[in-house]
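Participant:
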Amino acid sequence: MPTTLLAQVDSSVGGKTAIDSRHGKNLLGAFHQPILVVADTALLDTLPVREFRAGYAELVKYGLLGDAGFFAWLEANWREIFEGGAARDHAIAVSCRAKAAIVARDERETGDRALLNLGHTFGHALEAACGFSDRLLHGEAVAIGMALAFEFSATRQGLLPKAEAARVVRHLATVGLPTKIKDILGTAPTLDRLMDLIGQDKKIRRGQLTFILARGIGSAFVETGVDTAEVRGFLSERLAER
Ligand SMILES: NC(=O)c1ccc[n+]([C@@H]2O[C@H](COP(=O)([O-])OP(=O)(O)OC[C@H]3O[C@@H](n4cnc5c(N)ncnc54)[C@H](O)[C@@H]3O)[C@@H](O)[C@H]2O)c1
Ligand SMILES: [Zn+2]
86 MPTTLLAQVD SSVGGKTAID SRHGKNLLGA FHQPILVVAD TALLDTLPVR EFRAGYAELV
146 KYGLLGDAGF FAWLEANWRE IFEGGAARDH AIAVSCRAKA AIVARDERET GDRALLNLGH
206 TFGHALEAAC GFSDRLLHGE AVAIGMALAF EFSATRQGLL PKAEAARVVR HLATVGLPTK
266 IKDILGTAPT LDRLMDLIGQ DKKIRRGQLT FILARGIGSA FVETGVDTAE VRGFLSERLA
326 ER
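For the sequence shown, the working numbering gives the first residue as 86, with consecutive numbering after it.
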């Protein structure tokens, strides 16, 4: 019975059951599907707004990775979603269907399921650098990670117009989510530390990394040949923004 927005739209769907260990997050587990998931959306009425906003980042993810129409609907209706009621229920239902469809195609994550990691490679590195603490919630890290993935796709890979990446960043910022490394309070992680964490999250093969990139809003894809030096250069610029 998921009680957070994040759990209702993401972790309760798909049968990943990993728990954290001394060596890191989500490391010990199995793929095991539940018999039933009860997502009572009325529970969300008491969820602190910061937690709700963090879950909203995963909701935006479904629009960004495969459904431009849903993203546009979120841009127009986010206030109603935060207020609760029919718009909130609709957004949750759309997200569950989107995730279930991807998982049904690829339960064990050998292909398409990796799309769900949009924003998570940069995000996990930032989350780890903050010690998985209240300084940066998972959803907040994902928001920054998705902004970075779209900016990287636009500025370093020339896959989409910069204005489209800016539209993604604008919506995340409008709802109050962080979108830049400098939005994280306290001392920023160093470039070496971030690259190290990215290397741990995604094994570097011959100087190349796997990232979820985008050709536009709603058109994410798995890119296995991202040059480590490009990522380093990009992050170095982002860290200099502070
Ligand atoms: N397995 C997956 O596929 C998957 C996907 C996404 C995220 N995750 C993981 O899930 C974790 C985050 O879980 P979460 O966002 O569900 O948060 P959480 O379980 O940590 O809860 C967040 C806070 O909200 C409180 N809370 C929960 N429900 C409430 C309610 N209805 N009313 C009032 N307060 C409530 C909790 O007590 C807690 O303080 C992250 O560590 C993330 O990595 C896993
Ligand atoms: Zn996530």
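Don't be surprised by glycine CBs; every beta carbon is placed ideally from N, CA and C.
In this text, all values refer to a predicted model and were calculated from it rather than measured experimentally.
1) Out of Lys110, Leu203 and Gly196, which has the shortest C-alpha to C-alpha gap to Val145?
2) Tell me whether Glu326, by its Cβ, gets closer than 7 Å to a heavy atom of ligand 4.
3) Under 8 Å, do Val188 and Gly243 count as touching if we go by C-beta distance?
4) Nearest CA to the CA of Ala258: which residue from Ala305, Ala139, Pro274 and Ser106?
5) For the region 166-181 and the region 86-103, state whether three or more C-beta atom pairs, one from each stretch, are separated by less than 8 Å.
6) Taking a contact to mean a Cβ-Cβ separation below 8 Å, would you say Leu298 touches Ala234 in this structure?
7) Give me the Cα-Cα distance between Gly170 and Gly148, rounded to the nearest whole angstrom.
8) Does the beta-carbon distance from Leu200 to Val307 come in below 8 Å?
9) Less than 8 Å between the beta carbons of Leu112 and Ala124, yes or no?
10) Whole angstroms are fine: how far does the CA of Ala314 sit from the CA of Asp277?
11) Restricting to runs no shorter than 3 residues, where is the beta strand (DSSP E) found entirely within the region 95-152?
12) Can you grab the Cα-Cα spacing for the pair Glu143 / Leu91, in whole Å?
13) Evaluate contact between the region 256-272 and the region 215-229, counting only Cβ atoms and requiring at least three cross-stretch pairs below 8 Å.
14) Looking at Val227 and ligand 2, is the gap between the Cβ and the nearest heavy atom below 7 Å?
15) Answer yes or no: do Leu176 and Ile166 have a C-beta to C-beta separation smaller than 8 Å?
16) Give the secondary structure of Leu221 by DSSP, where H, G and I count as helix, E and B as strand, and everything else as coil.
17) How long is the line joining the alpha carbons of Pro87 and Val122, rounded to whole angstroms?
18) Please determine whether the Cβ atom of Ser180 lies at a distance below 7 Å from any heavy atom of ligand 1.
19) Between Glu249 and Ala214, what straight-line distance do the alpha-carbon atoms span, to the nearest angstrom?
20) If we count the other Cβ atoms within 10 Å of its Cβ and call it buried at 16 or more, is Phe116 buried or exposed?
21) In terms of residues, what are the limits of the beta strand (DSSP E) holding Leu298?
22) Work out the CA separation of Arg241 and Ala251 for me, nearest whole Å.
23) Output the residues surrounding ligand 1, defined as those with a CB atom closer than 5 Å to any ligand heavy atom, in chain order.
24) Which same chain residues end up closer than 8 Å to Ser238 when comparing Cβ atoms and leaving out the 5 residues on each side of it in sequence?
25) Which value, in whole angstroms, describes the spacing of the CA atoms of Glu326 and Leu150?
Facilitator: From the atom records:
1) Leu203
2) Ligand 4 is absent from the structure shown, which contains only ligand 1 and ligand 2.
3) no
4) Ala139
5) yes
6) yes
7) 20 Å
8) yes
9) no
10) 12 Å
11) 104-106 and 109-113
12) 7 Å
13) yes
14) yes
15) It is worth fixing the name first, because residue 176 is Ala in this sequence and not Leu. Cβ atoms of Ala176 and Ile166: closer than 8 Å.
16) coil
17) 8 Å
18) no
19) 29 Å
20) exposed
21) Gln293 to Ala299
22) 14 Å
23) Thr88, Thr89, Leu91, Ala92, Asp95, Ser96, Lys101, Leu128, Thr131, Leu132, Glu136 and His223
24) Leu244, Leu245, Ala250, Leu298, Ala299 and Arg300
25) 27 Å
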